Amino acid sequence: MSVVFYLLILLAEVLGTLSGFGSSVFVVPVANFYFDFHDVLGLVALFHLLSNLAKISLFKDGIDKQLFLSVGVPSILFVLVGSILSKYFNPEILKGLLGVLLVTIGMALMLLNNVSFDKRNKKAAFIGGGISGLSAGLLGTGGAIRGLTLNAFNIEKNVFVATSALIDLGVDFSRTLVYAYNGFIQKELLYYVPVFLVISYVGTYVGKIILRRISQKEFKFFSILMIIGIGVLILIRLILKMTDSFNLLHHYF
């Protein structure tokens, strides 16, 4: 595996820590250049397990147990559903829907930055957690949706990172078991685990140092901006694929 791949994964880990919703949303597109779709699901699940362990160990004082239960439990339940269904759905259509959702809700949070939910709003927490878990199981990444959910509760940045990581740990453990059963985690992928472990801790530590130097307002703005950017990139990639397919059909017909 090229050094470029590992450097990109390290950058993804730093960005995942800074944005607060994990690195999988950045790792998935990078891994897609090197592996097929099902191998990407398995690889990202393994990497994210290690990534979340690193975040929990470095941000453990910020964990919010109430939010973990209200957002995390539905995430863990629905990731099992998404992992099982991942064999049957067209991922490109789902990615398009995810892109639209991220851009729409991200823009709403950006424009209505004074609007927030109370942590006791279990309905909002359940819906956000459930959708993020379903997305994680189907597409290999649900962190951006969970980021939107936690952003809506307007919590402190260290609490955001720690609670998101703990939720993600349960999500990743659940989907890893299903992916292994589905045959998505081949023996060859396990050779990357030691390198991923080092990258997870280094990237998270660098991200933590940077987080100390930015304000709560800057953190929230950066987090929402990253979510919108990811949604836009997903849609651009889908449009380019559709354009290539259209040109191919035009060539033959």
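Each residue of the sequence shown is one higher than the last, beginning at 678 in this note's numbering.
Each residue gets a CB set at the ideal place from its N, CA and C atoms; glycine is no exception.
Computed from a predicted model, the values in this text were never measured in an experiment.
Under the three-pair Cβ rule at 8 Å, the segment 819-834 counts as touching the segment 775-790. About 14 Å separates the Cβ atoms of G693 and K834, ruling out a contact at the 8 Å cut-off.
Straight through space, the alpha carbons of L902 and F745 are spaced by roughly 24 Å. At a Cβ-Cβ threshold of 8 Å, V879 and L687 count as neighbours.
For G805, the uninterrupted alpha helix (DSSP H) segment begins and ends at 799-816. In this structure, the straight-line span from the alpha carbon of F898 to that of M787 is close to 8 Å. Nearest neighbour of G906 by Cα position, chosen from Q893, V748, L825, D845, turns out to be L825. Relative to A801, the option among L827, G847, T881 whose CA is nearest is L827. Across the structure, F803 and L811 are spaced so that their CA atoms are roughly 12 Å apart.
In the displayed model, S696 falls within a helix according to three-state DSSP. When the Cα atoms are used, I887 and S900 turn out to be separated by approximately 14 Å. K764 sits close to N859, with the two beta carbons spaced by under 8 Å.
In this structure A722 touches T853 by the C-beta definition: roughly 4 Å separates them, less than 8 Å. About 5 Å separates the CB atoms of L757 and S851; that is less than 8 Å, so the two are in contact.
Counting along the chain, the unbroken alpha helix (DSSP H) around S728 starts and ends at 714-736.
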